[in-house]
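*Asks:* Residue numbers (my numbering): 9 to 239.
Just so you know, even glycine gets a beta-carbon here, dropped at the ideal spot from N, CA and C.
On a predicted model such as this, the values are computed, not experimentally measured, just so you know.
1. Should the segment 96 to 106 be regarded as contacting the segment 175 to 184, the criterion being three or more beta carbon pairs within less than 8 angstroms?
2. If the criterion is Cβ atoms closer than 8 angstroms, does the pair residue 207 and residue 145 meet it?
3. Start and end of the alpha helix (DSSP H) containing residue 30?
4. Could you spell out the range, first to last residue, of the beta strand (DSSP E) harbouring residue 5?
5. Taking the alpha helix (DSSP H) that residue 159 belongs to, which residues open and close that run?
6. Ignoring anything shorter than 4 residues, give me the alpha helix (DSSP H) runs that lie fully in the segment 78 to 124, in order along the chain.
7. Mapping the DSSP letters down to three states, classify residue 234 as helix, strand or coil.
8. Please state the DSSP three-state secondary structure of residue 217.
9. Could you check whether residue 45 and residue 135 sit closer than 8 angstroms to each other, using their CB atoms as the reference points?
10. Give me whichever residues DSSP pairs with residue 44 in a beta bridge.
11. What is the DSSP secondary structure of residue 151, reduced to helix, strand or coil?
12. Should residue 220 and residue 204 be called a contact, given that it needs their Cβ atoms to be closer than 8 angstroms?
13. Are the Cβ atoms of residue 10 and residue 147 separated by less than 8 angstroms?
14. Looking at the secondary structure, which residues open and close the alpha helix (DSSP H) in which residue 255 lies?
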């Protein structure tokens, strides 16, 4: 299910989300000696990233990864790896580890197998997941238009990471599956603006997850999705 946390402005949201995530990462480190977090890209999380990067966390025990990534050059503005390095893996967070989703030139079965093995051994279950949401209701790279959406939303999917080729957006993608993301006890949906609030309202009005994949997180009784929204 979900809880809506709304804020008067983006600055207050970023501060609150950064503090909450800080506490969760510190708790994971205290409990098991390490922590992992998957974040999303785009312009929305930049302020949150910068605040979180200054938090006094034992960052060398934290592994950061992306919920999904476009299969483009790591230096490309089209991907999110550069965004995370320039905005999150700075200041105190510069000592964190980063788990690259884009490794190698070709997203083939062998590459996916290696990445899945590494993710299962070092990351999962993720301690914290920060999701975004597209205008079509996609989250991570779980696109309703893709031929891979049934596999992506299958709760019995054994693959933590999978290839997705959206039909309404550019670039081949690598994404964590819903089955992998839902393992996290702390799932957040970070959105801003009236248009995203309208998409959220539509997502809450029905339970058809194949029409809007974000519904898989909002309506699942096993997932406590914390929605953080500001105008």
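*Replies:* Looking at the coordinates:
1. No, the segment 96 to 106 is not in contact with the segment 175 to 184.
2. yes
3. 18 to 40
4. This structure gives no information on residue 5, because the portion of the chain shown stretches from 9 to 239.
5. 157 to 161
6. Qualifying alpha helix (DSSP H) stretches, in chain order: 89 to 95.
7. strand
8. In the three-state reduction of the DSSP assignment, residue 217 falls in the coil class, being assigned neither a helical nor a strand state.
9. yes
10. 71
11. DSSP places residue 151 in the coil class of the three-state scheme, outside both helix and strand.
12. no
13. For residue 10 and residue 147, no; Cβs fall outside 8 angstroms.
14. Summary: the structure shown does not reach residue 255, with the chain confined to residues 9 through 239, and so no result is reported for it.
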